[in-house]
Each structure stands twice: as structure tokens, then as C-alpha cells.
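Engineer: Next up is a structure, given as C-alpha cells.
4 protein chains.
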Amino acid sequence: MKDIQSQADHRRINIKKVGVKDISYPITVLDKAKLVQHTVAMVNMYVSLPHRFKGTHMSRFIEILNRFHGKIGLKSFRPLLEEMKRKLEAQAAHVELQFPYFLKKARGRANAIGMAEYRCRMHGSLDDEEEELTLEVQVPITPLLPAQDTEGLPRSPGRWGVANVQLRFRHFIWIEDLIQMVEEVISHKRWAISPVTPEESSLSVESVTSALGERLASHPDIRRFTVTVENLAEGYSTFASLEWPYNEDESADELVSALPCRSTAGLN
Amino acid sequence: MKDIQSQADHRRINIKKVGVKDISYPITVLDKAKLVQHTVAMVNMYVSLPHRFKGTHMSRFIEILNRFHGKIGLKSFRPLLEEMKRKLEAQAAHVELQFPYFLKKARGRANAIGMAEYRCRMHGSLDDEEEELTLEVQVPITPLLPAQDTEGLPRSPGRWGVANVQLRFRHFIWIEDLIQMVEEVISHKRWAISPVTPEESSLSVESVTSALGERLASHPDIRRFTVTVENLAEGYSTFASLEWPYNEDESADELVSALPCRSTAGLN
Amino acid sequence: MKDIQSQADHRRINIKKVGVKDISYPITVLDKAKLVQHTVAMVNMYVSLPHRFKGTHMSRFIEILNRFHGKIGLKSFRPLLEEMKRKLEAQAAHVELQFPYFLKKARGRANAIGMAEYRCRMHGSLDDEEEELTLEVQVPITPLLPAQDTEGLPRSPGRWGVANVQLRFRHFIWIEDLIQMVEEVISHKRWAISPVTPEESSLSVESVTSALGERLASHPDIRRFTVTVENLAEGYSTFASLEWPYNEDESADELVSALPCRSTAGLN
Amino acid sequence: MKDIQSQADHRRINIKKVGVKDISYPITVLDKAKLVQHTVAMVNMYVSLPHRFKGTHMSRFIEILNRFHGKIGLKSFRPLLEEMKRKLEAQAAHVELQFPYFLKKARGRANAIGMAEYRCRMHGSLDDEEEELTLEVQVPITPLLPAQDTEGLPRSPGRWGVANVQLRFRHFIWIEDLIQMVEEVISHKRWAISPVTPEESSLSVESVTSALGERLASHPDIRRFTVTVENLAEGYSTFASLEWPYNEDESADELVSALPCRSTAGLN
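What follows is the structure, given as C-alpha cells:
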């Protein structure tokens, strides 16, 4: 009797996901301008197991990763997911990449480093029928710079904050184009911390979030998105976020997570 | 015409959440043994705004936090959430605390530090009708220590991994009791990396996840939970996770997040 | 012959330091106002071994730490160092504490959280004859806030940067007093990113570093110090540093380290 | 009178270093096998100013960095330092690079990822007469794996620890060769947590530190080095370190720093 009960419980208490994570790996990302960009990613690979599944061979994740060696990137998401799903007899396969993405800065600011860094995360999944690709990009926000020193010594007003955009495509969008879209909204209006002229908008997490929301919602290739704008204050941050399409439901589970800023995956 | 369209869009592209985050704050946590434990938390406070809401007063979060000064803790979750909801005219209020929790180690191991650290996260929310409290605890896993040096020089076999338990209560459970439950499962069986006697079980992310799942599912005060067990390998980790009750649906959104190890909330 | 050579090498290739590190531990720090402040420290304890020493008992560090349990703090530095030196038969003993220190904010800014966090590090050492105590404090720097919104909605101009002061005493100085000294210099002058009136000074890493250097050098209780001021720019930082007394020698070893930003690992 | 005093103080309280730091930048490193390896570095560039120097042009660091764009690496250390020294009229110039370095794993372990990551730091400096290059590498240490599961499911015994080697050359040594030297020492002896056969050595921070010290001291191209070996225990680490040539002097300033684990900030 007891064994049957135990079996019943067993059927309901099943491992749902297994995989490997926190693999630091050099990858190449397809880049609109240069074709190939070399960067270093933190890679997670995992599968969703069918109900009642017995176990899996962890070593297969590593074998698959090694087979795609040096060619992990957007182009290889689909075949990578397919191979994971097949080799691991899984219901769904997932790959997550987190990496810094670099763009040449064309804006002629004297103090701008030649390469701007944007933190990105991609999450590709392949379920029974459907492939999903979620792209997340962090774009730094800098307010209007006060007039520069006459001797050409640029001074930084500090870091105002960051916009975090997470979206799903209808059709593929280049990371560059997404970043440009966000930067246009940020620079289009003359945002100022304390507007003094009628042309200037008040720079606040709410106003920037709304402006980004309107811009992204009007893009035909974007199916869903979440925008979070964060303003670094003294000792804390303020933030606002919106999602589109608006979801009335509120999952109490939802945590303020987004892309971890410099999260350190390891031992310290 | 265009304006009407634009207004329609506006109604749908609304700020959903606003708040403050990454506030480092000394808190007191009620502790089964000592009544009060002092620790330092990373605090997030935010509200879900009703549809069509105009804006909010960020300074009110800080005012509320200051009013509860020194008394942020489990006991004050409910009044804190209520005040946030009322003062900010919000539909739902959320407070997240992330903090290290310390327990005296009774196990007489020569090399055990007197205070064991467990990273915890609490997320309390108050929606129109309902209060929810999610508790998350990280418990380190150490395999059977090989026989010690005779001169009493304990050697560490290294760090095997960590169990992460996230749950919702039916009735309140002390953090201590949850940690003890997890540690009992981990130490109950004689886990070994390579079992040599019949009494020993093979230490794997799957086997520990399943054992923890069975134990937690049988606890009357636990309503829902997720368990993730991680094994640190050379240069990466393997992991397994389960959730209970088992949810057939697979949200492609779900990311391998759990409690960030040493997540750095700031700019670096 | 070869063995003698090998022994000779052995005598020169000796372990110099052994110890324990990265222990997250709740501590109490003596606080000018409240007498006792509870916080969480990252603790390192290590000893310098005399030339030719054979080995040491790592477990003794833990035994000593456990004996001082709950009372690790400034007051106990000397007895802790003495016990380490004696029990481990060491030539010198070292204790490092890294912790967030909280001060009540009296400045009536609407958006100031009630508790300001300052990251501190203390390094105490006891050599044959001499005790040394090095104190390091990080003080955030915020430029002049533009005039606030009339509705009392404070907006953050972002994070300008941070001043890092590391010093050795002639006579004990309270952490509060050191912080106050630094904040006075920062707020005394009307620093502005782009000065428009003659009363305002240009806020730059060089100007703030110099102003802090002059203030600290004139304090009778400070024997040596290093000041580093950092300005967060878009994607990088600029910094300036000075040390006093000025040291002409340049050790190529010296790295830009200072207190790591957000490495207060106890918090996560 | 007071002014003269003040001027005297001024002469002694001079800015000593200025520069830029925490720049995330894609770099290429010369690689023994593949000639060029792409990775992402955290870059610091700074100069030591001559006594009494007035100020510097921060923008020049960025201009110089941009000029070397895409070609920051070992080969360009010397010209980079020379240009910094000249353009900034400095007494000494410093460049620090911190980056993950990847090597193909030839060891046929089933669970080994194809690319092993080693964290490296290089610090080049050019003083009036002399160039100095310091190289630092972190090599993970894994104890003898217990016999593997018969089904080929490799199990990780966890992470034992890490060896950190910092050295100055007499003649250039490839990073690969340094890593290989360290890995040979670690794997040459049959280290075991609890040795059971006479061939096995006891794996302890002291024994591994000594073995590495002897190996490195016998290398003709190494002029100076420091070795630190760290063993991850439950909730803390133990460590031992030695430096060669042995330095009797003990600077109380020396902190347990070494390469921060997972601070390769470009990755997150």
C-alpha cells in the first residue's frame, strides 16, 4: 500500500529541468556592420524533461557545446536547440547567452570611448512546436551634458541610469537597430534633469519608460516587450517599467530582476 | 484621427510598476532561537499601478522606509505593504528583501565556522485581496568528508554545490526549520560522490533534487515550491530543478535565475 | 650533493602566509552615537610565518574566530591579533574586515534614505613589536542638485562618483568623524559640473582629490593617507589619487585597487 | 605667514596618479597556438605625474585608446605606454588588462568543456628608464576524481580551489606555457584529499603552494613571483602564499588581494 502511494507521489514530483550553466565561452555574434563580432559569453544550456522522465546524461550538453565550438551565436541557435532536444530526448530545449556587445561610437564626443559596451542576453527555446527568441539589451542613459570646459576637458556628469529592453520578435531585428531605436528616443527629446526651456522634457524614469514604450509598440517587428528604466540615486535606484501588451494579471512571483548588472556568477 | 489612435495607444502603454531598489539597509529578522537577528539587506520596494494611472511620488517610498527604520523585517511586512498600497494609491505593493542569515553551527566539526551563512530572499506582496509571501533559501551541500588527518588538520574537499529552495507557505515556517529540513535530507542519506557501500547514495543534482522534492511535498505547511540543486564542476555547473505542484505548461520566458550568487546590485 | 642543493632551495622557498578568508560574519562595530552598530563583515585572518616554519593548524583560525564570536569589532582587534600570533606561533598576525557602515542622515533632503551606507575596510596587523591599523572608507559624491521640481518630486542627477580614503592614525578617529570630514570638503565648496558663478568650483577628480588631500594632511591625528576620487563616466571612470607623505618611489607593482565597489560580499 | 605655510603644504600634497579605469574593451591576445585570440578585457590606463604637476587632459587617454582600437594586446603594450608617457608628459605610464583567456582542453575527460577559461591580468609600466611587465594567471585545481560511474555519467566532486601565480619575466613566457607548468605540478603528483597509497600526496594549500614555488623558482626566465593557493571550504577559504625571492620585510599594508575571482567584469 505504502509503495503505491509513494509511486503516486513520485509521478508528481519529477525533475523538470536539467542542464549546465555558467560556462564562460568565447562566441561570435553576427554584427550588422562587421559581419562577425568576437565576444565572451556566459552560457546556460538546459532541457525541460517530459513528465516521468528517468534521468539524463549531463555529459551530452558538453559534447554538444564542444561540437559547436567557436560557432555559438545567433545563427546556430536553431541547430543547437534541435540537437539538444534530440540527443537529450527532451520536451523543450533552452539556450541562454549573456554577453557584452560592442558598437563603434560615431558620435564625436571628445570623451567617448571608441567602443560602447551594451550588455545583452539572448534566450532561445524550442518547444514541441515552437521556437522562441527573447532578446534583452541594456542601454545606458546620459542626460544633457552641461556646456563643456573651454579647454576641451570633458567632465562627466556621472551616470544617470540605464534602460533595459526585453522583447520577442515577429521578424528578426539587429541588435544594432534595437540599440539605435532606444538611443534615438533617449536623445530625440531634449531631456533635462530640470527643464528650463519649453523644448526640454523632464528626465524621469516614468517619462523615459513611456517614451520608449510608445516607440517600441509602434514597431511592426516587435511582438511583445518589457521596458524598465532605472535612475541611479545616492545609495539606491528608482525605476519604472511597463510591458506590452499590457497584462492585467499580476503574478506575485514576478521579481525585479532584468539583466543582472555585473552579476558575479562564481565563488565570490 | 491620428490623435485618437495615439490616445488609444496611450491607454495600452501604461507604466505598470514603479519603485525604488538596491537599497542597502540594516534590518532585524525574527529568529526562532534568539528572537532578533541583525543583518543587512538589499531592499526593493515597488507598486503595481492601476491601469491609466498618471504618476507617483517616488519620495513616498523613501518616507515609508524611513518611518519603518530599523524595524524592517518579517513582522513588519504586512503593515509596510499596507502603507505602501495606501500612500501610493496602488493596486498592489511589493517588498523584496535579500539578506544573509546566520545560524550557530552545533555540529562539532573542527573546521566549521561558528556561524553558518545562508542567503535568503523574501518577497511579500499585497494585491487587492490577497497577501503572498515567498521565501527563498540557499543551503550549501558538502559531500561526505574523507577521513580526517590524524593530527586534526581538517582538509576541505572543496565546494560541491548548493540547494536553492523557493516556497510559499500555507502556514508560517521558520527559516531555521526550513534550513534544518533541507540539511536533514542532504545528510540523512549517506551521499557519496562514488558510492562504495550499499548504504551510500550517489550524489548527483538529480538525486538530491528528487530527495528534497519528496521531503518538501510532504510538509503540510508548504503550498508550492521550486527546488534547484547545483553542482560546481570545473569551469561550469550542472543543475536540476523541479517544481511542485508540477506545471505542465512551459513558459519560454522562464530563465535560470534563482537567487543570484553574490549578485552585485550596483554599477559594478 | 643534489639533496643539499635542494634543501638550500627549500630554505628559500618558504610559505610566507597562511590563513582563512572570505568568511561572512555578523560583527558589531563601536559607533560614536549609538555605541554598538550591527553589520555583516567579510573577514580575512592570516599570519606571516617565520622563515623556515613547517606548517600550521588551519583549524586554529576558526577556533579563535569562534571564541570571539559576536564580538569581532574594533575593540577586539588587539586581543584577536595577540591570540592569533600566540596560538599560531607566528611572526605577525593580520585581520581584515570589510563591511557596510550605516549612518543616519540628518540632511533634510526629501529623497535621502534615512540610512546612508559607507563601505569600510579595516586592516589590523601585529608584527613583532608594532600594531598597525589601516582604515579605509568610501564616501559617495553627489554634485549640486539642480533646483527641485515644485511638486516635491526629487529627481536624481545620477551618481557622480566616489571618494576613497585610506589612512593610518596617530590617534584613533571615529569612522563618523572621518566621513564627516570628507563630506564637509565635498559640500563646503560649491562644486558644480560647469561652474557659472565665481563661488562655484569645477567638480573634477583632480580638484576634489586635492581639496581632500589638504584637509586630511592638516589633521593632527592622521599619520599617512591615500585619497582616490573616481568619476563615473559613460562606460568607464576617470580617477585621480594622491598619497601623503608624498613618496617619490614608484613601485611598478602598485595596482589601482582600493576598496572594490560593491564587493561587500556579506550583503548578497 | 599662513599663506606661505599653505603653499608649502601644497607643494607636498600633489596628485600622483590620474587615469581612466574599468573600460570594457574587446582585445586580441597573441596566442602560442592560434596566433590571435579574441577576448574582452577590463582596461585601466593611468600615469604617474611628476612632482608639482598641474593637471592633465583626461580625454587624451581615450584618444590614445581609440587610436589603438582593436589592437590592444601584448604586442602593443610598449608603444601604448610610450604614447601615454609622451602625450601626457608623465613620469611613468601604466596599463592594466584583466581578461579571460581560453585554451582548448586536450585532456580527454568526458565532462571537460572544450575551452578552459583562465583569468589573467597583465600590468605593464614604463618608468623613466625601465619597462616592467607583470603577468598573473589563475589556474583551477581539481583533486583526483573518484572512479567514474560505469554508465559514463561523470560527476563533479566540486571545486577544490585555485592557484594564483603572479610573476615578472626575465624573458617572455607564453601564457600557455605558464599554465602548463602550473597544471603539470598540480597533476604530476597524485594529490588526494586523504592519501591512501604511498604515491599520493596530501592535497593542502601548503603542499601545493610549496610544490609550485619550487617549480617556478627553477625556471630560468622567471625573475620574481608570488604564488597563492586557495582551498574553498564550506563558507570560507583557506590559503597559503609564498613569494620568491623571499622578502623578510613585512609591509603591514599588504592585503590579501590577488586577482579577484569572477571580477572579469566584461563577462556579465
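Chains as they are written, first to last, in this note's numbering: chain L, 61 to 328; chain Y, 61 to 328; chain U, 61 to 328; chain Z, 61 to 328. Yeah, the Cβ is synthetic: ideal placement off N, Cα and C, and Gly gets one too.
Once you ignore the five residues that flank I124 of chain Z on each side, which residues in its own chain have a CB closer than 8 Å to its CB?
Structural biologist: Within the same chain, I124 of chain Z has close Cβ partners M105, L140, E143, M144 and K147.
Engineer: Jot down the residue ranges of each uninterrupted beta strand (DSSP E) in the region 209-273 of chain U, minimum 3 residues, whole runs only, in chain order.
Structural biologist: The qualifying runs are 221-229, 250-252 and 260-262.
Engineer: I need the DSSP call for N291 of chain Y, collapsed to helix, strand or coil.
Structural biologist: Residue state, collapsed to three classes: strand.
Engineer: Find out if the Cβ-Cβ distance for the pair T286 of chain Z, V265 of chain Z is shorter than 7 Å.
Structural biologist: For T286 of chain Z and V265 of chain Z, no; Cβs fall outside 7 Å.
Engineer: For a contact defined as C-beta to C-beta under 7 Å, what are the partners of Y85 of chain L on chain Z?
Structural biologist: Those within 7 Å of Y85 of chain L in chain Z are M175.
Engineer: Would you mind telling me which residues of chain Y sit closer than 7 Å to L302 of chain U, beta carbon to beta carbon, in chain order?
Structural biologist: By Cβ distance, chain Y contributes nothing, its closest Cβ being about 23 Å from L302 of chain U, past 7 Å.
Engineer: With a threshold of 7 Å between beta carbons, is E294 of chain Z in contact with chain Y?
Structural biologist: Chain Y contact via Cβ: present.
Engineer: Taking 7 Å as the threshold (C-beta atoms), are R228 of chain Y and R283 of chain Y in contact?
Structural biologist: Their beta carbons are under 7 Å apart, which means R283 of chain Y touches R228 of chain Y by this criterion.
Engineer: Taking F162 of chain U as part of the alpha helix (DSSP H), name the residues at either end of that continuous run.
Structural biologist: Counting along the chain, F162 of chain U falls outside any alpha helix (DSSP H), though it belongs to the beta strand (DSSP E) covering A152 to K164.
Engineer: Of the residues that make up the region 119-131 of chain Y, which ones have a beta carbon closer than 7 Å to any beta carbon in chain U?
Structural biologist: Those residues of the region 119-131 of chain Y that come within reach of chain U (Cβ to Cβ, closer than 7 Å) are S119, I122, L125, N126 and H129.
Engineer: Label P258 of chain Z either buried or exposed according to how many other C-beta atoms from any shown protein chain fall within 10 Å of its C-beta, with 16 as the threshold for buried.
Structural biologist: Answer is exposed; the Cβ neighbour count stays below 16.
Engineer: According to the Cβ coordinates, are L292 of chain L and R219 of chain U closer than 7 Å?
Structural biologist: The answer is yes: Cβ separation under 7 Å.
Engineer: For the beta strand (DSSP E) that S301 of chain L lies in, which residues bound it at each end?
Structural biologist: S297 to W304 is the extent of the beta strand (DSSP E) around S301 of chain L.
Engineer: Is the region 91-101 of chain L touching the region 85-105 of chain Z in the sense that three or more CB pairs, one from each, lie closer than 8 Å?
Structural biologist: Judged by Cβ distances under 8 Å, the region 85-105 of chain Z makes contact with the region 91-101 of chain L, as three or more pairs qualify.
Engineer: Would R181 of chain U be called buried (16 or more neighbouring beta carbons within 10 Å of its own) or exposed?
Structural biologist: Counting Cβ neighbours within 10 Å, R181 of chain U comes out buried, since at least 16 surround it.
Engineer: With 16 as the cutoff for other CB atoms within 10 Å, does P160 of chain L come out buried or exposed?
Structural biologist: That one is buried.
Engineer: With respect to the beta strand (DSSP E) encompassing L125 of chain L, which residues constitute its N-terminal and C-terminal limits?
Structural biologist: From DSSP, L125 of chain L is part of no beta strand (DSSP E) but of the alpha helix (DSSP H) over M118 to R127.
Engineer: Considering Cα atoms alone, identify which of L:L163, L:F137 and L:I75 is closest to H154 of chain L.
Structural biologist: Among L:L163, L:F137 and L:I75, the Cα nearest to that of H154 of chain L is on L:F137.
Engineer: From H248 of chain U to K131 of chain U, what does the alpha carbon distance come to, in whole angstroms?
Structural biologist: Cα to Cα, H248 of chain U sits roughly 37 Å from K131 of chain U.
Engineer: Rounded to whole angstroms, what's the CA-CA distance from Q151 of chain L to S267 of chain Y? Just pull it up for me.
Structural biologist: In a straight line, the C-alpha of Q151 of chain L is about 20 Å away from that of S267 of chain Y.
Engineer: Do E294 of chain Z and P200 of chain Y have their CB atoms nearer than 7 Å?
Structural biologist: Closer than 7 Å, so yes.
Engineer: Buried or exposed for V225 of chain U, going by 16 or more other Cβ atoms inside 10 Å?
Structural biologist: By the neighbour-count rule (16 or more Cβ atoms within 10 Å), V225 of chain U is buried.
Engineer: If you run the structure through DSSP and keep just helix, strand and coil, what is L109 of chain Z?
Structural biologist: The answer is coil: DSSP assigns L109 of chain Z none of H, G, I, E or B.
Engineer: Which of helix, strand or coil does DSSP assign to P86 of chain Z?
Structural biologist: In the structure shown, P86 of chain Z sits in a strand (DSSP, three-state: E or B).
Engineer: DSSP state of A101 of chain Z, grouped into three classes?
Structural biologist: DSSP places A101 of chain Z in strand when its eight states are reduced to three.
Engineer: Tell me whether A207 of chain U sits in a helix, a strand or coil according to DSSP, three-state version.
Structural biologist: Summary for A207 of chain U: the model assigns pLDDT 45, below 50, so the residue's position carries little reliability; its value from the coordinates is reported in the next sentence. It is coil, neither helix nor strand.
Engineer: Helix, strand or coil for A93 of chain U, going by three-state DSSP, please let me know.
Structural biologist: In the structure shown, A93 of chain U sits in coil (DSSP, three-state: anything other than H, G, I, E or B).
Engineer: Could you please tell me which residues of the region 270-283 of chain Y, in chain order, have their CB closer than 7 Å to any CB of chain L?
Structural biologist: Residues S270, G273, E274 and A277.
Engineer: Along chain Z, in chain order, which residues have C-beta atoms closer than 8 Å to that of I73 of chain U?
Structural biologist: Within chain Z, the residues near I73 of chain U are S270, G273, E274, A277, L302, W304 and Y306.
Engineer: Can you tell me whether E314 of chain U is helix, strand or coil according to DSSP?
Structural biologist: Legend: pLDDT at E314 of chain U = 42, less than 50; position of this residue unreliable, no value from coordinates given.
Engineer: Does the beta-carbon distance from H231 of chain Y to D187 of chain Y come in below 7 Å?
Structural biologist: Contact: no.
Engineer: Do you know how far the Cα of A252 of chain U is from the Cα of I246 of chain U?
Structural biologist: So the alpha carbons of these two residues sit roughly 11 Å apart.
Engineer: Please identify the residue among Z:Y296, Z:M102, Z:E303 and Z:P305 whose C-alpha is closest to the C-alpha of I173 of chain Y.
Structural biologist: Of the candidates Z:Y296, Z:M102, Z:E303 and Z:P305, the one whose C-alpha sits nearest the C-alpha of I173 of chain Y is Z:Y296.
Engineer: How is P280 of chain Z classed by DSSP in three states: helix, strand or coil?
Structural biologist: Three-state DSSP puts P280 of chain Z in coil, outside helix and strand.
Engineer: In whole angstroms, what is the alpha-carbon distance linking A300 of chain U and L195 of chain Y?
Structural biologist: C-alpha separation (whole angstroms): 44 Å.
Engineer: Please look up how many angstroms separate the CB atoms of K77 of chain Z and L109 of chain Z, rounded, as I've assumed it's under 8 Å.
Structural biologist: Indeed, because the Cβ distance is near 7 Å, the residues count as touching under 8 Å.
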